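Here is the structure we will look at.
Number of protein chains: 2
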Amino acid sequence: MTDIAPDTTGWSCPAPLRDHPVVVMGHGGGGALSAELTRHLFLPAYGGETLDALMDSAAVELGSSRLAFSTDSYVVRPLFFPGGGIGDLAVNGTVNDLAMSGAVPRYLSCAFILEEGTELSTVGRVARALGAAARAADVTVVTGDTKVVDSGHGDGVYVTTAGIGLIPRGVDIRPQRALPGDVVIVSGPIGQHGIAILSVREGLTFGTEVRSDTAPLSGLVQAMLAVTPDIHALRDPTRGGLAAAVNEIATASEVGVVLDEGAVPVPDAVATACALLGLDPMYVANEGRLVAFVPRSHAEAVLEAMRAHPAGGGAAVIGECVVDHPAVVVARTVLGGTRIVDLPLGEQLPRIC
Amino acid sequence: MTDIAPDTTGWSCPAPLRDHPVVVMGHGGGGALSAELTRHLFLPAYGGETLDALMDSAAVELGSSRLAFSTDSYVVRPLFFPGGGIGDLAVNGTVNDLAMSGAVPRYLSCAFILEEGTELSTVGRVARALGAAARAADVTVVTGDTKVVDSGHGDGVYVTTAGIGLIPRGVDIRPQRALPGDVVIVSGPIGQHGIAILSVREGLTFGTEVRSDTAPLSGLVQAMLAVTPDIHALRDPTRGGLAAAVNEIATASEVGVVLDEGAVPVPDAVATACALLGLDPMYVANEGRLVAFVPRSHAEAVLEAMRAHPAGGGAAVIGECVVDHPAVVVARTVLGGTRIVDLPLGEQLPRIC
Chain A
220 MTDIAPDTTG WSCPAPLRDH PVVVMGHGGG GALSAELTRH LFLPAYGGET LDALMDSAAV
280 ELGSSRLAFS TDSYVVRPLF FPGGGIGDLA VNGTVNDLAM SGAVPRYLSC AFILEEGTEL
340 STVGRVARAL GAAARAADVT VVTGDTKVVD SGHGDGVYVT TAGIGLIPRG VDIRPQRALP
400 GDVVIVSGPI GQHGIAILSV REGLTFGTEV RSDTAPLSGL VQAMLAVTPD IHALRDPTRG
460 GLAAAVNEIA TASEVGVVLD EGAVPVPDAV ATACALLGLD PMYVANEGRL VAFVPRSHAE
520 AVLEAMRAHP AGGGAAVIGE CVVDHPAVVV ARTVLGGTRI VDLPLGEQLP RIC
Chain B
220 MTDIAPDTTG WSCPAPLRDH PVVVMGHGGG GALSAELTRH LFLPAYGGET LDALMDSAAV
280 ELGSSRLAFS TDSYVVRPLF FPGGGIGDLA VNGTVNDLAM SGAVPRYLSC AFILEEGTEL
340 STVGRVARAL GAAARAADVT VVTGDTKVVD SGHGDGVYVT TAGIGLIPRG VDIRPQRALP
400 GDVVIVSGPI GQHGIAILSV REGLTFGTEV RSDTAPLSGL VQAMLAVTPD IHALRDPTRG
460 GLAAAVNEIA TASEVGVVLD EGAVPVPDAV ATACALLGLD PMYVANEGRL VAFVPRSHAE
520 AVLEAMRAHP AGGGAAVIGE CVVDHPAVVV ARTVLGGTRI VDLPLGEQLP RIC
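Just so you know, the protein sequences line up as chains A and B, in that order. Under the working numbering, think of the first position of the first sequence as 220, with each following residue one higher. Under the working numbering, think of the first position of the second sequence as 220, with each following residue one higher.
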C-alpha cells in the first residue's frame, strides 16, 4: 500500500498553545487543541507515567487488584435530547471509558454542580435517568457531592462522574498495542449522538428523528474478551468522532491505518444531516460505539460475538493497520481515491457530552 | 448530664424539599438543605446501601482489596486566596475525605470545567498548585478530563476530583461507630479557611491575615491509627464547620455529644472576624482539620500522637459522647450555660470550596 502513503515530512503542529492565551471552545473538543492543552499544560503540572499514557481510563495497581479508574465531566446542552440526557451520558460515558481498558465497571462517584434557580424537578429527572442508566450498566453509585453556584454561572446541571472497575487478569488493552495486520472494527453505525444533539439544539429535522446512541459498552467488551483476551486496542469515539479515536490509536501505536470509507456504517439520516450541514460523519460524536483493533486471526470470531450482542448488532470491519505511513490514518474513498483522515483541531459541535 | 438534655419532642424538620421548588444556594452548603436534597432526591433516584451510608468516602470491596472512593466538585471563588487556591483544595479535600475512612489515599482523577475566555495562565496556575498539592499528599493524578463551556457559563475554573485509597485491614472508621464515653478531639484551630475566603472576597482585614488551613490529613490519620486501629469516627469539618461534622456523627451513631465551648481552639483573628460579622466559628468551614471520636482508653495516646504530627500540632479535646439526648449536640458555654449546636440550614458563606 505504499502508493497511498502520504509524505508527512515537514508537517507542522497546528496551533501551538502560545497562540491561544485564553481558553477557547476547541480546548474541550477532544481534538488537537485538547491534546495540546493536556500535553503542554496539565502533564507538566501533575503528570506521571500513568496519566501520560492518556488512556480513556487509567490502569492502576491497588492492593492485589488491577483497577481501571476514569472520570468525565458532562456539560451537554440541552440536558435532555432524543435518545437520552445528561444523566445517561454521565453513566455510560464513564462506564465506557472503563470498558475500553477491558475492565468490568463496578462503582461510580457522582458530583453535581447545580445552578441556583434550577427547577428541582429538572434535577430529579437527571438523577432518575442516572439511576436507571447505572442499573442498566450494572454499576453502583457509591459516593457523591453537590455544589450550588450562583444564578448566571454554571448552566443548570453539570455532572462529573468517576468510575472504578476491575481489569481481568491477562487483559492488556492499550492504544499503544495496535500492530500492522490488525483489523479495525466499529461496533455500529456512527454519528447519531452528535446529530441528535444538533437537531434538538437547532430545531432541525432530517426526515426521520436521529436519536443518541448512548449505551453502556461493558457487556459488549466482555463478550469480545470471551472470544480472546488478546484484543489490542479499544476506544469509544466520543468527542472528535471515529477520526479522533482512530488517530489516537495510530499515533500511540505508531502504525498506519487504512480505512475503507464505504464500509463505515452511517445511517441515512446522519448522512443527510451531515451533507446539509457540511459535517463529516467521521468527526461526529458517538456515545454508544467502540472501535476495536483486533489481531487478524481473531477478527472474524470477535466480529461474530459483537454482532450477537445487543450493543454490537451493527458491527462492521472498516479497515486495517499497515506498516506504511506510521501514525497516519488514510481513507479509501468510495470513488477509489484516498484522503488523509486527520485529528480534528477542535470539535464540530460544542458541548455535546 | 440529664440536666442539660433538651426536650426534642415535637421538633419538626426544617424546610422540607417541597417548599423549595428550585435550587437555592443552601442546597450546596453542607447543612440541612444539602442533606434533604440528598435524602429526598438523590438517594431515591440512585441510592444503595453504600451511598445511603453518606460517608465522606465510600468503602467498597474490589477484587481482594477494600477501597475508599470519594469525589468532590470545587467551585470556590476567588480561585486563589491567602494560604491556597482551588488547586490545593481539589487535592486536599478529596484526600481528606478518603483519610476519614482511615484509607491511605493513592490515586486521583481530575476533571476541569473551563469557561471560554479564561486566561490559560490562570489554568496553568491552578494546575501547578494541584500538582504540588498531590506531591505533598503523596497521591498521583492518573486520569482526567477537560470540558469547556461558553463564556458567561461556568466561572473560570471548576475542578472535580475523585480519589481512591486502600483501607488497611482491621480499620473500620464510620460515623455510625461513635459510642457514649468516646472523647471528641479536634486536630487544630478552627474557622481559618472560611474567614480567609471571606476576607479576600469582601476586602476585609481583621488585624492579622487569616490564611486557609488547607492541608492533607492522611498522614495525621495514619499516625493516629498507629496508636490504635480502634478509632471510631472521623470527619473533616468543611462546609457547615465543626457543628455540621459533629452533628452528622451524633445523628449517625445516635449518641449525644457535649462540647466544651471554651476548649474549642479558635484563633484570635477568626474570633474577631466572627464577632464583627455575626458568624459562629463552629459553623465556619475548615479544609485542614479533622474531628475524631476516640474510645476514652486510647484518647490520651491518640492526642499525643496528633500533637507530634505537623498537621495536628494544635489538637485539643473538645468534648465527649453521652447516653443522654441521643443525636443531639450541646455546648457548655464559657459562662456555664448550655446551648444546642444544631445542623446549619444552609451555610454562612457560599462557594467556599
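The beta carbon of each residue, even a glycine, is placed where N, CA and C say it ideally should be. Being a predicted model, the structure only gives us computed values, none of them experimental.
With a CB to CB cut of under 8 Å and the five nearest residues on each side skipped, what residues in its chain are close to Asp271 of chain B? Leu262
Short check: CB of Ile392 of chain B to CB of Ala482 of chain B, under 8 Å? no
Apart from the five residues on each side of it in sequence, which residues of its chain come closer than 8 Å, Cβ to Cβ, to Val368 of chain B? Ile332, Leu333, Glu334 and Glu335
Would you mind giving the Cβ-Cβ distance between Ile404 of chain A and Gly460 of chain A, rounded to the nearest angstrom? I have them listed as a contact below 8 Å. Not a contact, Cβ separation roughly 16 Å.
Given a limit of 7 Å on CB to CB distance, which residues of the segment 386-415 of chain B reach chain A? When CB distances to chain A are screened at a threshold of 7 Å, not a single residue of the segment 386-415 of chain B falls below it.
DSSP three-state assignment for Gly324 of chain B, whether helix, strand or coil: Inspection of the sequence shows that residue 324 of chain B is occupied by Pro rather than by Gly. Here Pro324 of chain B sits in strand by DSSP.
Taking only the alpha-carbon atoms, compute the straight-line gap between Ser292 of chain B and Leu444 of chain B and give it to the nearest angstrom. 28 Å
What's the gap between the Cα of Met319 of chain A and the Cα of Asp307 of chain B? 31 Å
Taking just the CA atoms, how far does Asn505 of chain A sit from Leu256 of chain B? Using only the alpha carbons, I get a separation of about 32 Å.
Could you check if Gly407 of chain A belongs to the surroundings of the ligand NAD, using beta carbon to heavy atom distance under 7 Å? In terms of ligand content, the structure shown is empty, and the ligand NAD therefore cannot be addressed.
Under 8 Å between C-beta atoms, does His246 of chain B make it to chain A? yes
For Leu461 of chain A, which three-state DSSP category applies? helix
Let me know the beta strand (DSSP E) ranges lying completely inside the segment 392-469 of chain A, each 3 residues or longer, listed in chain order. 402-405 and 452-454
Could you compute how far the alpha carbon of Ala469 of chain A sits from the alpha carbon of Ala463 of chain A? In a straight line, the C-alpha of Ala469 of chain A is about 10 Å away from that of Ala463 of chain A.
Express the C-alpha separation of Leu398 of chain A and Thr221 of chain A in angstroms, rounding to a whole number. Note that Thr221 of chain A scores a pLDDT of 38, beneath 50, so its modelled location is shaky; the value from the coordinates is reported in the next line. Near 17 Å, if we compare the C-alpha coordinates of Leu398 of chain A and Thr221 of chain A.
Determine, using beta-carbon pairs with one atom in the segment 412-419 of chain B and one in the segment 522-539 of chain B, whether at least three such pairs fall under 8 Å. no
Would you call Asp487 of chain B buried or exposed, if buried means 16 or more other Cβ atoms sit within 10 Å of its Cβ? exposed
Looking only at C-alpha atoms, which of B:Arg454, B:Leu478, B:Gly384 and B:Leu496 sits nearest to Phe288 of chain A? B:Gly384
Straight-line Cα distance separating Ser406 of chain B from Gly532 of chain B: 7 Å
Chain-ordered chain B contacts of Gly363 of chain A [CB-CB under 8 Å]: Thr257, Phe261, Leu270 and Thr290
Which same chain residues end up closer than 6 Å to Thr365 of chain B when comparing Cβ atoms and leaving out the 5 residues on each side of it in sequence? Phe331
Any Cβ of chain B within less than 8 Å of the Cβ of Ile332 of chain A? yes
Val358 of chain B to Arg454 of chain A span [Cα, whole Å]: 27 Å
Are the Cβ atoms of Met244 of chain B and Gly507 of chain B separated by less than 8 Å? no
Best match in A:Thr362, A:Val553 and A:Leu317 for proximity to Ser276 of chain B [C-alpha to C-alpha]: With respect to the C-alpha of Ser276 of chain B, the residue from A:Thr362, A:Val553 and A:Leu317 having the closest C-alpha is A:Thr362.
Along chain B, which residues have their Cβ under 7 Å away from the Cβ of Ile383 of chain A? Leu281, Phe288 and Ile383
Is Thr457 of chain A near Gly304 of chain A, with beta carbons less than 8 Å apart? For Thr457 of chain A and Gly304 of chain A, no; Cβs fall outside 8 Å.
Span of the beta strand (DSSP E) holding Tyr293 of chain A? Ser284 to Tyr293
Please state whether DSSP places Leu281 of chain A in a helix, a strand or coil. strand
Any chance you could list the beta strand (DSSP E) runs of at least 3 consecutive residues sitting entirely within the segment 314-369 of chain A, in chain order? 323-334 and 359-368
Quick test of the definition: if touching needs 3 or more C-beta pairs under 8 Å, does the segment 493-501 of chain B touch the segment 510-519 of chain B? With a cut-off of 8 Å, the segment 510-519 of chain B and the segment 493-501 of chain B do not count as touching, because too few Cβ pairs lie within range.
On the premise that Val295 of chain A lies in contact with Cys572 of chain A, defined as a C-beta separation below 8 Å, what is that separation, rounded to the nearest angstrom? 5 Å
Cβ of Arg558 of chain A within 8 Å of any chain B Cβ: no
Can you say whether Pro324 of chain A is buried or exposed, counting buried as having 16 or more other CB atoms within 10 angstroms of its CB? Around the C-beta of Pro324 of chain A, 16 or more other C-beta atoms lie within 10 Å, and the residue is accordingly described as buried.
To the nearest angstrom, how far is the alpha carbon of Gly343 of chain A from that of Ala264 of chain B? 8 Å
DSSP three-state call for Gly373 of chain B: helix, strand or coil? coil
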